[in-house]
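Residue numbers (our numbering), protein chains in the order written: chain A, 25 to 216; chain B, 25 to 216.
As structure tokens, the structure follows; a few thoughts come after it.
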DNA sequence: GTCTATAGAGCGATAGAC
DNA sequence: GTCTATCGCTCTATAGAC
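Printed below as a string of structure tokens:
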């Protein structure tokens with residue numbers, strides 16, 4: 025890909041991400057994506073061989089970002105500080121515009137069910153969960169409840185990320201506190 | 025509607041709800057709904073004048089259930105017990121199969137953006153939020169953060185509801201504890 | 001209340017010119 | 001790298017028989 029003359033692919037991914045997030049995968053047509061790029065939909069087929077490949081490329085971007093995050097996390101000593109920093113960086117991701125991909129995945133959007141790449145992405149999410157709450161959260165004895173806590177922690181960052189895009193960034197800080205609290209084993213769920 | 029000979033409408037709503045939840049509104053065709061009822065899609069047009077009207081009917085079911093819940097809540101003394109019972113009953117709703125509609129709404133599914141009924145449903149969700157966390161949560165000074173907490177509390181019940189459908193009902197109890205904790209002003213978000 | 005048949009539009013995708 | 005034109009398909013929705 026080095027030495028390419030145009031940035032159409034890159035722009036297409038940005039446009040597609042935004043549209044997929046707003047209208048869903050099935051609700052987004054190639055015409056809509058093409059119009060956002062001021063080209064025709066036929067031209068899109070020079071860059072991608074199918075609509076599904078566009079989705080795959082978008083997912084791949086997200087996958088890469090999370091993979092980097094996990095790699096960083098694995099090299100840190102495990103502890104509350106690393107946990108918090110992992111969540112903070114993940115939150116930054118969602119603010120930076122990867123929110124949409126994250127939303128696509130977290131909501132378990134139907135389009136992803138048949139997507140080969142989805143398995144890889146899901147594996148990475150699980151790896152992130154393991155990093156956040158110890159290996160085997162999703163399969164352990166109190167797995168369902170532990171998993172619920174991690175999912176909620178991630179949800180907090182996603183919801184705050186959407187909010188933060190239209191103003192107040194301090195919601196993100198509050199969300200980070202809530203997320204850490206949800207993963208804190210000392211706080212069992214009921215009030216002190 | 026009293027005295028109707030068949031229950032096709034009722035069955036159609038059940039089938040549509042399940043399909044909308046699994047494949048999304050745009051990803052669900054009338055053919056799919058019709059096949060689930062063992063009739064042809066043309067026959068659906070005897071009961072509904074458009075696909076959107078099917079969605080409206082499904083939303084209306086959900087809306088009615090939440091309206092009943094709110095009416096009950098408003099007649100109770102406000103306090104932690106009522107709050108908890110509100111959340112518990114809402115959780116029961118999502119287990120009973122209204123999950124899908126709830127998911128549709130909470131995820132802000134694109135199909136709902138242009139749906140007239142969506143405004144009404146959204147207003148009811150806001151009313152529920154007010155009941156849960158005091159009037160004006162969504163517009164107050166620390167509105168964004170308070171709103172985030174309520175959204176997460178609801179999310180906990182939705183996520184647990186999906187889990188509970190395939191076995192372990194005690195996840196629901198744990199989710200209820202977490203939801204109450206999230207709405208507890210004493211617990212500010214950070215660990216003790 | 002359900003059927004067959006079909007209209008009319010939009011979709012994803014391809015062919016081939018420039 | 002982008003275009004016009006078009007194919008084949010599925011979709012929502014309607015008309016009219018039973």
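Built from N, CA and C at the ideal position, the CB exists for glycine as well.
Predicted model only: the values in this text are computed from it and were never measured.
Beta-carbon gap between residue i and residue j smaller than 8 Å
i: residue 155(B); j: residue 110(B); result: yes
i: residue 82(A); j: residue 136(A); result: no
i: residue 64(B); j: residue 58(B); result: yes
i: residue 174(B); j: residue 157(B); result: yes
i: residue 106(A); j: residue 97(A); result: yes
i: residue 141(A); j: residue 74(A); result: no
i: residue 138(B); j: residue 87(B); result: no
i: residue 56(B); j: residue 43(B); result: yes
i: residue 181(A); j: residue 206(A); result: no
i: residue 50(B); j: residue 50(A); result: yes
i: residue 101(A); j: residue 192(B); result: no
i: residue 48(B); j: residue 48(A); result: yes
Cross-chain neighbours of residue i in chain A, by beta carbon under 8 Å
i: residue 202(B); result: 172, 173, 176, 206 and 213
i: residue 192(B); result: 168
i: residue 145(B); result: Chain A residues near residue 145(B): none, gap ~18 Å exceeds 8 Å.
i: residue 195(B); result: 168, 169 and 172
i: residue 138(B); result: By Cβ distance, chain A contributes nothing, its closest Cβ being about 11 Å from residue 138(B), past 8 Å.
Limits of the unbroken alpha helix (DSSP H) element including residue i
i: residue 199(A); result: 194–207
i: residue 36(A); result: 32–47
i: residue 75(B); result: 75–98
i: residue 154(A); result: 140–157
i: residue 51(A); result: First-last for residue 51(A): undefined, no H or E at that position.
i: residue 106(B); result: 104–117
i: residue 66(A); result: 65–71
Residues near residue i in its chain [Cβ-Cβ closer than 6 Å; skip 5 each side]
i: residue 90(B); result: 148
i: residue 204(A); result: 108
i: residue 80(A); result: 141
i: residue 202(A); result: 180
7 Å Cβ cut-off: residues of chain A touching residue i
i: residue 179(B); result: 176 and 179
i: residue 199(B); result: 172
i: residue 59(B); result: Within chain A, no residue comes near residue 59(B); the closest Cβ sits about 17 Å away, beyond 7 Å.
8 Å Cβ shell around residue i - same chain, five flanking residues per side excluded
i: residue 215(A); result: With a pLDDT of only 41 at residue 215(A), under 50, the local geometry of the prediction cannot be trusted, and the value read off the model is given with reservation. Cβ within range, chain order: n/a, list empty.
i: residue 112(A); result: 200
i: residue 183(A); result: 199
i: residue 71(B); result: 32, 33 and 36
i: residue 159(A); result: none
i: residue 30(A); result: none
i: residue 39(A); result: 57, 60 and 61
i: residue 166(B); result: none
Proximal residues of chain B, C-beta to C-beta of residue i below 7 Å
i: residue 134(A); result: 46, 47, 48 and 51
i: residue 184(A); result: 172
Partners in chain B for residue i, counting only beta-carbon separations shorter than 8 Å
i: residue 76(A); result: The contacting residues do not exist; residue 76(A) stays about 14 Å from chain B at best.
Cβ shell of residue i (< 7 Å), same chain only, five flanking positions each side left out
i: residue 195(B); result: 184, 187 and 188
i: residue 94(A); result: 148, 151, 152 and 155
i: residue 54(A); result: 65, 68 and 75
i: residue 92(A); result: none
Point to revise | Members of the region 96–118 of chain B near chain A, C-beta cut-off 7 Å | key: none
**Study point:** Members of the region 40–52 of chain A near chain B, C-beta cut-off 7 Å
**Key:** 46, 47, 48, 50 and 51
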